[in-house]
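Read in order, the letters of the sequence shown correspond to residues 142 to 673 in the working numbering. Note that CB positions come from ideal geometry on N, CA and C, so glycine has one too.
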Amino acid sequence: NVRSLHLHVADVASDYNVKAADINIFVETALCSNDNNELYQIPGFRLFRNDFIPDGARTPYGTAAYVKDNIQLILEPSRCNYNHVEMTLLKAATKWSTRKEALEKLEKLTSNPKIEGGQFGELMAVLKKAITKDSNVIVVALAGKCVTGLATGLRTKFAPYATSIVSAILEKFKEKKQNVVTSLREAIDAVYQTTNIAAIQEDVIASISSKNPSVREETIQFLTRVCCKSKPADLPRQVLKPICASLSKCMDDTSAPVRDAAAEALGTLLKLLGERAMGPFVDQLDKIKMDKVKEFAEKAEITAAPGRAGASVAGASQPAKKPETKSAPPKSAAPKSTGSTTSKTSSTEPKKKAPGKPKPSSSDTTKTKPSGKKGGAKKSAKTDGPASFKDDEVMKEAEMTAEEVDAKAEELLPAKIREQLTSTNWKERLAGTEALAQFVNELDPKTMPSQVLIRTMAKKPGWKENNFQVLKNKFSLCAVIATLAASFSKRSAFYAISGLVDKVGDIKLKEQCKETLMVFAENLTLNYVSLK
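Have a look at this one:
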């Protein structure tokens, strides 16, 4: 018991008993959550804290655990208070049986349906090493089960570790032992529930191109399972394009199981998205291959709830019928239909109504015809494109002040995400962009505030970000917002285009910049994007 550790840390660090111990745990430390860890470091030890104290308060609570560097953690302390600490540790074991016993204990600990958040980075590093490096198949299978337990228990809190473990699991599918394959399938499925396809697409595409046919087959089968549980909004164009290109190549694979898996994945995507959306990605397939894809499309079972886009289409079909029964009021009905119908209905309705406007002035037919054509062309151009909710009012989105953006962001986004995005640590910023991507995918497209989201990402360090991974995630998320958000407009795009143009020459970012600019052009106009 060390009351007020901030006053006695020098005495603790010089104590020979502390130096000799593998683990030192102090309670009633009276540390504040805003105290910097560097002030309390002891050479040769790692510090783990649980304070439970508001910033600025110095009450006799909190726990500090010092663990020697040569101790390998299996489970870091995630829930402790002033008189109770639980920690499971494992020194580097040379015998596989010792590693097996430790992982069996860990599996029991991670079997809880809900695990409190904590620092699991080092634990995940241990499990990743077991999956990728361990030669014993029993140890590998147990490590996979532990990953499943952690991902299931932590849920969205597992997201920061998802991207680092996905590649290890996919690569290990080269193992032929069925118990290992089954364990890894369960692990990758559980991990995906904590992230999204955009965050892991590079690892997925790399594994689809693996030299090992088993890795290719299992990766494609994983992708098929993902598609079966997805909504159309979960698969934006910039993600779909490279994945479909890789799957199409696998239709010519030398391995028959890989060819079948690719056909099934494309068939599932075809059923999920429809022929119109998938057409550009599969039109290069010959008739025999396309027939096989369609055969799998008929068999595919999509288990996800109906997408939000589908709900908007169903709701829009009702107001579109009103102008057909009444010939007199097409003018008043026109704004209602363009604001609520999909691109298909809105593009056809104005063409009927526009020629109807000049009927009262029948004396001058030469003037009324051009005006009708212009009106029809103008409206169809505005409603043409992926975002079906956009109309004149949305395109003229109001400029928000910086204070309004901050206030809206504070209402909308969790505090942790906002803190991570502006952190001085690039790993924190990377985790913040991944968490934000997950958060955005769960928003309703009709109410998604695109200007707030893009301007929040543009805040310092914004587009001047030094880490290419963080910036790539931001640019990718801009494309997702442009695709999903009904409110996305030229105003929203304005705050991202300068950053995209600045980085389009960067070899690590140019492809993502091009993709995002293309999505902007598709949702707005090529002329607007090119002029900017």
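Rounding to the nearest angstrom, what Cα-Cα distance links residue i and residue j in this structure?
i    : j    : result
D532 : A418 : Note on D532: pLDDT 39, under 50, position unreliable in the model; the coordinate value appears next. Their Cα atoms are separated by approximately 22 Å.
S371 : I443 : 8 Å
K508 : T666 : For K508, the predicted structure reports a pLDDT of 39, less than 50, and the residue's modelled location is therefore unreliable. The matter cannot be settled from this model.
R632 : D647 : 25 Å
S564 : L584 : 24 Å
Q592 : A634 : 8 Å
T273 : V399 : 23 Å
F629 : R187 : 46 Å
L364 : V332 : 13 Å
V380 : L180 : 44 Å
L641 : C654 : 5 Å
K246 : N664 : 52 Å
A309 : A347 : 12 Å
G262 : S252 : 18 Å
K428 : F422 : 14 Å
K651 : K568 : 22 Å
A243 : N158 : 28 Å
L407 : K649 : 29 Å
A151 : D210 : 19 Å
S355 : L562 : 38 Å
A266 : L311 : 16 Å
L172 : F189 : 12 Å
M392 : K255 : 41 Å
I141 : S145 : In the structure as shown, the chain starts at 142 and stops at 673, and residue 141 therefore has no counterpart that could be examined.
Q334 : N668 : 39 Å
Check whether chain D comes within 9 Å of residue i, counting only Cβ atoms and requiring the distance to be less than that.
i    : result
V150 : The structure shown has no chain D; it contains just one protein chain.
Bridge partners of residue i, per DSSP?
i    : result
L188 : Y207
I164 : V208
If the criterion is Cβ atoms closer than 9 Å, does the pair residue i and residue j meet it?
i    : j    : result
T624 : A550 : no
D394 : R357 : yes
L571 : N614 : yes
V546 : T574 : no
V645 : A339 : no
A328 : A292 : yes
E316 : V278 : yes
S741 : S350 : Here the chain has residues from 142 to 673 only, and residue 741 is not among them.
R240 : D275 : yes
S617 : T588 : no
C619 : F661 : yes
A556 : A300 : no
Would you decide whether residue i is buried or exposed? Buried here means 16 or more other CB atoms lie within 10 Å of its CB.
i    : result
Y302 : buried
Y207 : buried
L148 : exposed
E540 : exposed
S453 : With a pLDDT of 32 at S453, under the threshold of 50, the modelled position of this residue cannot be trusted, and the question is left open.
S177 : For the sequence presented, residue 177 should be read as Asn rather than Ser. N177 should be labelled exposed.
V670 : buried
D344 : buried
K269 : buried
G285 : buried
P377 : buried
N607 : exposed
G290 : buried
E359 : buried
P218 : For P218, the predicted model reports a pLDDT of 47, less than 50, meaning its position is unreliable; a value from the coordinates is still stated below. Under this definition P218 is a buried residue.
I638 : buried
A282 : buried
A402 : buried
N165 : buried
A548 : exposed
T170 : buried
E405 : buried
G420 : exposed
A445 : exposed
G415 : exposed
Out of the options, state which residue places its alpha-carbon closest to the alpha-carbon of residue i.
i    : options                : result
T336 : T565, N582, E436       : N582
V168 : G640, A205, R296       : A205
D330 : M392, M431, D156, C369 : C369
P586 : P555, L562, A397, A626 : A626
I341 : A578, D401, T588, L414 : A578
E436 : D427, L413, T409       : T409
E257 : L295, L414, A662, A576 : L295
R559 : A543, L594, E544, K298 : L594
K352 : I183, T657, S396       : S396
A161 : A438, L658, G185, C619 : G185
N566 : A576, P590, P602, E248 : P602
E674 : K600, M589, F580, K557 : Residue 674 is absent from the model: the chain starts at 142 and stops at 673.
L413 : S305, P373, T542, L264 : P373
Below 8 Å, is the gap between the Cβ of residue i and the nearest heavy atom of the ligand NAP?
i    : result
K160 : This structure lacks the ligand NAP, and indeed carries no ligand of any kind.
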